[in-house]
Structures are given as structure tokens and as C-alpha cells.
Amino acid sequence: MQPHFLVHDNGDNVGVAVVEGIAAGAELSGWVMDTDETITLKAKDAIPLGHKIALKALPEGETVVKYGHDVGRVVAGVEPGGHVHVQNVKTKRW
42 MQPHFLVHDN GDNVGVAVVE GIAAGAELSG WVMDTDETIT LKAKDAIPLG HKIALKALPE
102 GETVVKYGHD VGRVVAGVEP GGHVHVQNVK TKRW
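Just so you know, we're using the numbering used here here: the sequence shown kicks off at 42 and counts up by one.
Here it is as C-alpha cells:
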């Protein structure tokens, strides 16, 4: 079965949607490339193709880690399976 999302590094706290049309409430499978593991979670929100999905609760102030790199900070808490995007994450650069 093709995964719904990919996690590149075992330390990532978000995955990236690799299929279109992920609906809220959908049961998802993800592939952790670093460890060749399959993980599952339930989508809290609709997740567009290429967007991030929270693998765990991300409280305000948490660092978002994607591809093993710091990509921003959470400005509004996100539940596991939630859509992680501009509405709840901002850059740390300014």
C-alpha cells in the first residue's frame, strides 16, 4: 500500500502528504524513510498534497522539524494529525 505521508528523518515531528485529497477523519499510514518504519495516525484536518501533517501534539512555541531541519515555530497549537501550515507556523528569521 502506498503511504499517505512521508517522514524523512526519525526526529521529524511533521510528515509531508504525498497523496491528494486527505480528508479530516481519514486513517493514514506514513513511511519513516530513516528507519523504514510504517506509522499510522488519523487526520484531524484535510491535508493538501505537499503540506505538512503533525505527527504529535505541537504546542505553541514548539520547533517544527521537517527533513531533520528546523523549519519554523508553532504560533497556534496543532493536534496530532492536524494541518501544519501558515495558519499555525511562522519562520524564526523575523
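From the three backbone atoms N, C-alpha and C, an ideal C-beta is built for every residue, glycine too.
Here the structure is a predicted model, which is why all the values come from computation and not from measurement.
With DSSP collapsed to three states, give me the class of T132.
Taking the first residue of the sequence shown as position 1, residue 132 is located at position 91. Looking at T132 - three-state DSSP - the assignment turns out to be coil, as it is neither helix nor strand.
Residue of L90, Y108, V125, K97 minimising C-alpha distance to I63
Here residue 63 corresponds to residue number 22 of the sequence shown, with the count starting at 1. Ranking L90, Y108, V125, K97 by Cα distance to I63 puts L90 first.
V116 versus N129: straight-line alpha-carbon distance, rounded:
Locating residue 116 in the sequence shown gives position 75, counting from the first residue. Locating residue 129 in the sequence shown gives position 88, counting from the first residue. Going by the C-alpha atoms only, they are around 5 Å apart.
Look at the Cβ atom of K85, then the Cβ atom of E61, and state whether they are nearer than 7 Å.
In the sequence shown, counting from the first residue as 1, residue 85 sits at position 44. In the sequence shown, counting from the first residue as 1, residue 61 sits at position 20. K85 places its beta carbon 7 Å or farther from that of E61.
When the Cα of W135 is compared with those of H124, H126, R114, which residue comes out closest?
For the purposes of this step, residue 135 is identified with residue 94 of the sequence shown, where counting begins at 1. When C-alpha distances from W135 are compared across H124, H126, R114, the shortest belongs to R114.
Tell me whether K105 sits in a helix, a strand or coil according to DSSP, three-state version.
Residue 105 sits at position 64 when you count from the first residue of the sequence shown. It is Val, not Lys, that sits at residue 105 in the sequence shown. Correct three-state label for V105: strand.
Report all residues from its chain with a CB closer than 6 Å to the CB of V48; omit the five preceding and five following residues, and keep chain order.
By 1-based counting over the sequence shown, the position of residue 48 is 7. If we look at V48 and ignore the five residues flanking it on each side, its Cβ neighbours are G56, G71, V73.
Where do the N-terminal and C-terminal ends of the beta strand (DSSP E) with L47 fall, by residue?
Residue 47 sits at position 6 when you count from the first residue of the sequence shown. If you look at L47, you'll find it in the beta strand (DSSP E) that goes 46-48.
Residue from E68, T132, N51 with nearest C-alpha to D77:
On the sequence shown, position 36 is the one that residue 77 refers to. Closest by alpha carbon: N51.
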